[in-house]
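Structure first, then comments.
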C-alpha cells in the first residue's frame with residue numbers, strides 16, 4: 001500500500017527559510033531540500049517522545065510525529081505516534097485518510113479495534129508487546145481497560161497520514177443541524193449539547 | 001493521487017468461474033482476466049444507473065458502481081456512484097478510505113461539504129451542473145435543500161473506494177458503550193436509543 | 001491504477017504569486033500551497049461547465065477542467081471534462097497519456113469507442129445515463145448519432161491527464177512528409193491537403 | 001514515474017501450468033510465482049535480440065520484449081525493445097500507453113521525435129551512442145535517414161508498456177467511416193484506400 | 001514513499017489452501033482473500049514478539065514479521081521487526097530493498113546508523129524512547145553499546161521489505177573469488193577465511 | 001514496479017536559476033519546470049556517452065546519467081548508465097536503492113550476477129546483445145572475463161536510482177571498527193588495511 005509519492009533521492013530534509021514575511025511563509029511549504037552535505041545524524045533521530053505527554057483532565061495524550069515535527073521523515077513515507085492513556089482513558093473513534101497504522105502496546109492493557117466498510121467490528125483487548133494493524137482509512141479506537149496507565153506506539157506508512165477524530169469532525173465542525181439530526185436520529189437539543197461538550201475538548205487536543 | 005495499483009495490460013475483465021463450491025468461491029476473488037479476444041464493447045459499458053434507485057422511506061438512494069458491479073473497471077483505477085435525494089433527503093456523513101470523489105449535481109440544489117483534518121468545514125449549496133471535489137479520505141455529506149428531487153453523479157479514482165458511513169460505523173457496529181459514552185459525551189440511554197434507530201436503517205441502505 | 005503521485009496532505013490549493021516577471025512566472029509552476037486556513041468552500045467547487053461551450057462551425061466543444069482550470073483539484077488525482085456535440089458532431093480519435101476516463105452521456109445518443117493494443121475496436125451507441133470506460137492511454141472517439149445535440153461528462157484519474165488528438169498530433173505537428181507518406185500510404189499532395197485542413201481547425205479547438 | 005504496481009518480493013517468475021484446457025488457459029494469466037529456489041540465472045537473462053529481426057518488405061522490424069516474452073521481468077517494472085531499420089525504414093507514429101521510453105541508437109543515423117499535448121514537435125537526427133527520451137504516452141516515431149541499416153535499443157519503465165501504432169489503430173481497426181472522414185478531412189474513397197494499404201501491412205508487423 | 005501496490009479493498013487475508021501437492025503449493029502464492037465475513041480480530045493481532053528471540057552464541061536475534069508471518073498485513077503496506085541484542089551484540093550492515101525503516105529503542109543504548117549514496121555516514125548512540133529513520137534501501141547497522149541487553153522495534157512501509165545482510169550476501173553467496181579480491185583488496189586466503197566464518201553463522205540467523 | 005512519483009504533465013525540464021547565492025542554491029533543488037514552449041528537441045537528447053569514460057588505473061569507468069546530468073529525464077521515471085571495463089575490470093558489488101536495472105552488453109563477455117534476499121546467487125557470463133535484469137535493490141556485480149574491453153548499457157526505472165557500492169559504503173564510510181570486526185570476522189589490522197585501499201580508490205570513482 002502506498003500513501004505517499006516515491007522518493008527521488010536518498011532523503012530530503014526540508015530547507016526552511018525564516019518565516020519573516022507572508023511570502024516566505026508560503027515558500028516554506030515548498031519542498032526544498034537541505035544540501036545533503038549539511039545533514040547529520042541528528043536530522044534522522046527524534047527524541048521527543050521518551051516520556052508521556054500531558055493527560056490533563058481528558059485522560060489521553062497523543063503526540064503525532066509527522067514530517068513537520070520530524071523533518072528527516074520528509075519523502076520517506078513513514079511517521080509515528082505515541083499515545084498515552086490514564087486509567088479508563090480513550091482514543092476516540094478516528095481514522096487516518098492516508099495511511100495504515102501498525103500499533104504496538106508498550107505498556108498496559110488496551111481495548112483496540114476497527115470497523116470495516118461493511119460495519120463489522122474487529123476489536124479485542126491486547127497487552128504489552130502485542131501488535132494490531134488498522135487498515136488504511138478505516139475507523140479505529142482504543143481504551144485503557146487495565147488498572148495502570150497504558151502506552152501505545154503506532155507507525156504509519158505516510159509521512160503525514162492525516163487525522164479525523166469523529167466526534168470533533170462531525171459534531172464540532174459546523175455541519176448543519178438538520179443534517180446531523182437526520183443522520184443520527186438526535187434532537188436539536190441533543191446536538192447542541194454534544195456540540196457544547198465536544199468543541200472545546202477537541203480544541204485542547206488538536 | 002493514487003489509490004490503486006497501476007495496470008500492467010490494457011484492461012483485465014475478471015474471469016469468474018461459476019461459484020459452485022466453497023473453493024471456487026475463494027478462487028473467484030483472484031484476478032483472472034478474460035482473454036481480451038473474448039471481450040467486447042458491452043464489457044466496458046454500464047447501463048444500470050439510467051434511473052434513480054428506490055428511496056423507500058429513507059429519502060435517499062445510492063448505487064455504487066465499483067469493479068464488482070462493473071467488471072470492466074477492474075485494474076483501471078476508477079468507479080462511480082449515482083445518488084438520488086428525495087425532498088430533504090440526506091447522504092449521512094461518510095468517507096471513502098481509498099479515493100477522492102468528484103461529484104456533479106445532475107438535478108436539484110444540494111448542500112454539499114467536507115471536513116478537513118483540522119475540523120474546518122467546507123460546505124455550500126450547489127446546483128445542477130456544478131461540481132465539488134471531496135479530497136481522499138475526508139468526511140463529507142450532502143442534503144437536498146431544493147424543492148424537488150436531486151441527483152448527484154460522483155466519480156472516484158479507485159476501482160473500489162470503500163465506504164464508511166459514520167452513524168452506522170460508529171453507533172451500529174458494536175463499539176463498547178463505555179468508549180462511545182466518553183467519546184461523544186452521551187448517556188448509556190442515549191447510546192441505546194441511537195443504536196436502535198441506526199442499526200436497521202443502515203442495513204436497508206448498505 | 002495510478003496516474004499521479006499520492007498526496008501528503010488533505011489538499012493543496014496552489015499559491016500563485018502575481019505573474020509580474022519572467023522569474024515569477026517560473027516560480028508559479030512550483031507547487032506552493034495556500035495556507036489551509038485561507039481556503040474555503042469555493043476553492044473546491046467548479047461552476048464553469050453548467051452550459052455547453054461554443055460549437056462554432058466544428059460541431060464540437062470540449063471544456064477540460066484540470067488542476068490549472070480548477071486549482072482545488074491539485075494533488076487530488078482527478079479532473080473532468082464536458083463535451084458537447086451538435087448534430088453529427090465528433091470528438092476525433094484521441095487519447096490521454098496519463099489517465100483512464102469514465103464517460104457518462106448526459107444528453108443524446110453517442111457512438112463511443114476505443115481501440116486496444118491489438119487494434120481491436122470496442123464501440124457502440126450509448127444513450128443518456130449510460131457510462132463507458134476508456135482504459136488509460138488508449139485511442140478513443142465519439143460521434144453524435146442522434147437527432148439532437150448530445151453532451152458527455154467525463155472524469156479522469158489524474159489531475160492533468162494530457163491529451164493527444166490524433167489528426168493534429170500527427171498531421172498538424174510537423175512530422176517529416178516522407179515519414180508520414182510511408183506510414184499512411186499517402187501521397188505528398190494528400191499530406192499537404194490534410195495539413196491545410198487540420199492545422200487551423202485544431203488551433204481553434206485546443 | 002510509475003507505470004506498474006510495486007513488487008512485494010525480490011522477483012516473481014510466473015509459474016505457467018501447461019495450457020491443456022480452456023480453464024488452465026485462464027488460470028495462466030494469474031500471477032503465480034515459481035518457488036525462488038527453482039529459479040536460476042537463466043531466468044533473468046534474455047538472449048533473443050542479439051541479431052536483427054526480419055525486415056521483409058516493410059524495411060522495419062521490432063522485437064518487443066515484455067514480461068510475456070521474458071518472464072523474469074515480471075513485477076520488476078521494466079521491459080525493452082530492439083528495432084532495426086533498413087535504408088529509409090520507418091517506425092510509424094505510435095505510443096506506449098503505460099511507459100516512458102529511453103532509446104539508444106546502436107547503429108546508424110535516425111530521425112527521432114515525439115509530439116506533446118500542445119502538438120509541438122521535438123525531433124532531430126541522432127547517431128550511434130546518442131539517447132533520446134520519449135515521455136510516457138506521447139506519440140513518437142523514427143526513420144532511418146543514414147545510408148546503412150540502423151538499430152535502436154529502447155527500454156521502458158513498465159513490464160508491459162502496451163503499443164498503439166497510429167495508422168493501424170485508427171485506419172485498421174474499424175472506426176466508422178463517417179467519423180474518420182470528418183476527423184481527417186478525407187473522402188470515403190481515400191479512407192478505403194488507406195484501409196486497404198494499412199490493414200495487411202500492420203498484420204504482418206504486430 | 002511507496003514500496004507496495006495500493007490495496008483495492010479494506011484488507012485481504014490470504015486464503016491458503018492446504019499444501020498437499022506441488023500444484024497447490026504454487027497456487028498458495030496467489031493472492032486469494034478469505035471472505036471478509038470469516039475474518040475476526042485475531043487476524044489483525046500479532047502476539048509473537050512479546051519476548052526476545054534466542055540469542056544463541058551470536059548475541060543478536062531478529063524476528064521479522066512480514067505478511068507471511070502475519071497474514072493480516074497483506075496488501076496493507078506495512079510490516080515490523082523486533083531485534084534483541086546481548087551485550088555488544090550487533091546487527092550487521094544490511095539494507096531492505098523495498099522499504100524505509102523507522103526504529104525505536106525499547107530498551108538499552110544502541111549505536112545506530114546508515115550510509116548514503118555518497119558514502120557519508122549518519123550514526124549515533126540512541127537510547128530508550130528515541131527513534132531513528134533509515135531511508136529506503138540504504139545500508140544501516142546497529143550495535144548494543146550499553147551495559148545491559150538492548151531491544152529495538154522497527155517498522156517498515158512494505159508488507160515484505162526484503163533483507164540483504166552484507167557479509168552473507170557478499171561473502172557467503174558464491175560471488176567469484178577474483179571479483180571479491182579486486183573489489184575489497186583482499187587475498188584469496190582472506191576471502192576463504194571470511195567465507196568459512198560467515199557462511200554458517202549467517203545460516204543460523206536467516 | 002514504481003520507484004518514482006507519477007508525472008502530472010507531459011514533461012518538466014527543471015528551471016535552474018543561476019546559483020549566485022546560498023539561498024538560490026537551495027531554491028535550485030526545487031522542481032521548477034521550464035515553460036514547455038521554451039523546450040526543444042535537444043532537451044530530450046543526451047550525447048555524452050558515445051565513447052567510453054576514462055579507466056585510469058582502476059580498469060572500470062561508469063557514467064551514470066540521472067536527471068541531474070540529463071534534465072530532460074525529470075519526472076519521467078527513467079535514467080541510464082554506460083559502464084566500460086578494461087581487461088579483467090570489475091564493477092564492485094553494489095545496488096541501487098530505488099530502481100530495477102536492465103543491462104545490455106554492448107561489447108565483450110561479462111560475468112554478471114545478483115544475490116537475492118536468501119543469499120542465493122544468480123550469475124553467468126553473458127555476451128554482446130544479451131540482456132540481464134537486476135531486480136530492484138538487490139546486490140549485483142560485473143567483471144570483464146573476455147579478452148578485450150567490454151561495455152554495458154544499463155537502464156533504470158527511476159530518474160535517480162541511487163547507488164551504494166559495498167566496499168566503499170561499508171569500509172570507506174566510517175562505521176565503527178568494532179562493529180565491522182564482528183560483522184565480517186576481520187581483525188582490526190585487516191580493517192585498517194581495507195580502509196586504506198578502499199577509501200581513495202572509491203573517491204576517484206564516485
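Chains as they are written, first to last, in full-length UniProt numbering: chain G, 1 to 206; chain A, 1 to 206; chain Y, 1 to 206; chain S, 1 to 206; chain D, 1 to 206; chain H, 1 to 206. Don't be surprised by glycine CBs; every beta carbon is placed ideally from N, CA and C. Bear in mind the structure is a predicted one, so any value in this text is a computation, not a measurement.
Around residue 118 (chain H), the beta-carbon contacts reaching into chain S at under 9 Å are 10, 36, 37.
Between residue 69 (chain H) and residue 77 (chain H), the alpha-carbon positions lie close to 14 Å from each other. The three-state secondary structure of residue 191 (chain S), taken from DSSP, is helix. For residue 102 (chain A), there are no neighbours in chain G by C-beta distance under 7 Å, as the nearest C-beta there is about 16 Å away. Here residue 158 (chain G) really is in contact with residue 4 (chain G); their C-beta atoms are around 5 Å apart, less than 8 Å. At least one beta carbon of chain S lies nearer than 8 Å to the beta carbon of residue 136 (chain Y).
Distance between residue 45 (chain S) and residue 117 (chain Y), taken at the CA atoms: about 26 Å. The beta-carbon of residue 6 (chain S) is placed less than 8 Å from the nearest beta-carbon of chain D. Contact note: residue 162 (chain G) reaches chain Y through 9, 10, using a C-beta cutoff of 8 Å and chain order.
Pairing residue 140 (chain G) with residue 172 (chain G) gives a Cβ-Cβ distance that is not under 8 Å.
Under the Cβ distance rule, residue 165 (chain A) does not count among the residues neighbouring chain D, no pair being separated by less than 8 Å. For a cut-off of 8 Å, the C-beta gap from residue 135 (chain G) to residue 95 (chain D) is around 27 Å, too long to register as a contact. For residue 180 (chain Y), the uninterrupted alpha helix (DSSP H) segment begins and ends at 177 to 184. Contact annotation: residue 41 (chain S) and residue 124 (chain H) have beta-carbon atoms nearer than 8 Å. DSSP, read as helix, strand or coil, puts residue 47 (chain S) in coil. Within the same chain, and ignoring the five residues on either side of residue 129 (chain H) in sequence, the residues whose Cβ sits closer than 8 Å to its Cβ are 104, 105. Contact between residue 133 (chain S) and residue 73 (chain H) is confirmed by a C-beta separation of about 6 Å, below the 8 Å threshold. Between residue 48 (chain G) and the set G:38, G:59, G:80, G:161, the nearest pair of CA atoms involves G:80. Under the rule that a run must span 3 or more residues, the beta strand (DSSP E) segments found entirely inside the region 62 to 102 of chain S read 79 to 85, 90 to 95. At least one C-beta of chain G is nearer than 8 Å to the C-beta of residue 198 (chain A). For residue 168 (chain S), the neighbours in chain Y by C-beta distance under 8 Å run, in chain order, 119.
Across the structure, residue 100 (chain H) and residue 137 (chain H) are spaced so that their CA atoms are roughly 7 Å apart. When rounded, the separation of the alpha-carbon atoms in residue 91 (chain G) and residue 14 (chain A) is 41 Å.
Annotated three-state conformation of residue 170 (chain Y) is helix, per DSSP. Per DSSP, residue 144 (chain Y) is one residue of the beta strand (DSSP E) stretching across 140 to 144. A distance below 7 Å between beta-carbons, with the five flanking residues on each side excluded, links residue 177 (chain A) to the following residues of its chain, in chain order: 188, 191. By DSSP's assignment, residue 165 (chain D) forms a beta bridge with D:94. Judged by beta-carbon spacing, residue 84 (chain Y) lies beyond the 8 Å limit of residue 64 (chain Y), meaning their Cβ atoms are not closer than that value. With respect to the 8 Å criterion, residue 121 (chain S) and residue 121 (chain Y) are not classified as neighbours on the basis of their beta carbons. Here residue 148 (chain G) carries a coil assignment [DSSP, helix/strand/coil].
Around the Cβ of residue 6 (chain S), a 10 Å sphere holds 16 or more other Cβ atoms; the residue is buried. Interface flag for residue 127 (chain A) against chain G is unset, since no Cβ pair is found closer than 8 Å. Non-local beta-carbon contacts of residue 194 (chain G) in its own chain, meaning distances under 8 Å to residues more than five positions away in sequence, involve 167, 171, 186 in chain order.
At a cut-off of 8 Å between beta carbons, residue 111 (chain A) contacts chain G. In the DSSP secondary-structure assignment, residue 131 (chain H) is bridged to S:46, H:104. Exposed is the label assigned to residue 38 (chain Y), since fewer than 16 other Cβ atoms lie within 10 Å of its Cβ.
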